Amino acid sequence: MPGSAEGDMLLDARAGGGRVSVLTRNSRVNSLLQAVLEDWHFINEPDAACVDILLLERGLPVPDGRWEVIWLTPLPLGDEPHLEVPLSLTGLYHCLERRFFAQPRHHIRLTLNQPLDLNVRGVWLVGRLLSLSDRGARISCPAHLPKGERLQLDFQLERQFLRLTAEVLYDIPAGDVPGREQPQAGLLFKLPRPALRTALRHFIERSLVEQACKKTGISASDPSLSWFSLVRDPWGEFTG
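Under the working numbering, think of the first position of the sequence shown as 158, with each following residue one higher.
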């Protein structure tokens with residue numbers, strides 16, 4: 158559903174991601190943030206002279222260049238562009254989206270590829286969960302799901318079993334390329350409680366950092382993860 162705010166909320170990679178560089182005193186933090194930015198399809202530009210935005214640790218000198226500096230700081234800086242440490246990945250995502258896109262997205266997504274069961278008009282189908290936000294998902298399944306279709310999803314995230322109702326926002330026909338053999342659909346969850354959205358958001362934030370650790374070879378227990386605001390057990394206060 159190109160052009161709609163809800164459709165953009167769920168669609169994956171889009172062209173035109175801005176050029177961002179990261180500079181802190183901790184090389185592991187630099188690597189982790191760069192991995193997250195690449196996952197979001199922002200262009201990680203190691204040459205600071207070529208970037209649009211520089212994420213810079215407060216206290217470091219500002220390199221010469223024509224970019225916007227966003228300070229990474231443990232303390233508020235008034236009107237100066239800044240993000241407080243420990244970093245909220247949701248806050249970082251919103252900050253970059255607002256600067257690079259006229260219609261910014263508001264919901265970070267996690268790329269997945271795991272099975273799920275869906276019930277469409279009383280018929281159970283086996284599909285795959287491809288992308289997840291705290292508001293919806295993108296799935297593949299054997300059947301074409303038209304816009305407006307209501308369905309039920311059953312899937313598991315870690316130890317947490319979830320049964321959600323959703324509405325189809327857009328559909329993508331099957332293709333001949335790998336990964337597109339079945340039709341896909343973007344879904345909007347009908348979430349009954351704010352606590353579930355919060356749990357999903359915390360799960361996505363933590364999973365993005367875990368994926369960055371695997372990509373960079375940095376231990377998930379490394380002290381550099383103290384730079385990130387993470388909830389270790391997203392489901393701890395969610396009772397299902």
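Just so it is clear, CB atoms sit at the ideal spot from N, CA and C, and this is done for glycine as well. In this text, all values refer to a predicted model and were calculated from it rather than measured experimentally.
- prompt: If you pair each beta-carbon of the region 292-303 with each one of the region 335-347, do three or more pairs fall below 8 Å?
  reply: Three or more pairs of CB atoms, one per stretch, sit closer than 8 Å, so the region 292-303 contacts the region 335-347.
task: Tell me whether L232 sits in a helix, a strand or coil according to DSSP, three-state version.
output: In the structure shown, L232 sits in coil (DSSP, three-state: anything other than H, G, I, E or B).
message: Count Cβ pairs between the region 362-371 and the region 259-275 that sit closer than 8 Å; are there 3 or more?
response: Verdict: yes, contact present.
field: Reduced DSSP secondary structure (H/G/I, E/B, other) of S288
entry: Three-state result, S288: strand.
- request: Could you tell me whether the Cβ atoms of V179 and L190 are closer together than 8 Å?
  value: Taking 8 Å as the Cβ cut-off, V179 and L190 qualify as a contacting pair.
- prompt: What number of angstroms, rounded off, separates the C-alpha of L345 from the C-alpha of R285?
  reply: Whole-angstrom Cα-Cα distance: 16 Å.
message: Bridge partners for L345 per DSSP, in chain order?
response: In the DSSP assignment, the residues bridged to L345 are G293 and E324.
message: Quick check: what's the CA-CA separation for L387 versus L249?
response: Each residue's Cα considered, the two are about 13 Å apart.
Euclidean distance between Cα positions of A170 and P380: With a pLDDT of 45 at A170, under the threshold of 50, the modelled position of this residue cannot be trusted; read the value that follows with caution. Using only the alpha carbons, I get a separation of about 31 Å.
message: Is the separation between the beta-carbon of P218 and that of V226 shorter than 8 Å?
response: Not a contact, by the Cβ cut-off of 8 Å.
Residues bridged to R307 (per DSSP): Bridge partners of R307: E324.
task: Quick one: measure Cβ to Cβ for L289 and A342, integer angstroms, because I've assumed they're closer than 8 Å.
output: So it is not a contact: roughly 14 Å between Cβ atoms.
field: Length of the line joining the Cα atoms of W281 and G222
entry: Put simply, the backbone Cα of W281 is about 57 Å away from that of G222.
message: Once DSSP output is grouped into helix, strand and coil, what is the label at H359?
response: Helix.
field: Inter-residue spacing [alpha-carbon to alpha-carbon] between P261 and E241
entry: Straight through space, the alpha carbons of E241 and P261 are spaced by roughly 21 Å.
- prompt: In terms of residues, what are the limits of the beta strand (DSSP E) holding R239?
  reply: Here residue 239 turns out to be His, not Arg, going by the sequence shown. From DSSP, the beta strand (DSSP E) with H239 extends over H239 to E241.
Distance between G293 and T355 (C-alpha atoms, nearest Å): In this structure, the CA atom of T355 is about 13 Å from the CA atom of G293.
query: Looking at C-alpha atoms only, which residue of T322, G235, D236 and T230 is the closest neighbour of S245?
result: Looking at the Cα atoms, T230 is the closest of the given residues.
message: By the DSSP assignment, the beta strand (DSSP E) with L387 in it spans what residues?
response: Unbroken run through L387: none, as it is neither H nor E.
task: Below 8 Å on the Cβ atoms is my guess for A369 versus A192; work out the distance and round it to an integer in Å.
output: Right, their Cβ atoms sit about 4 Å apart.
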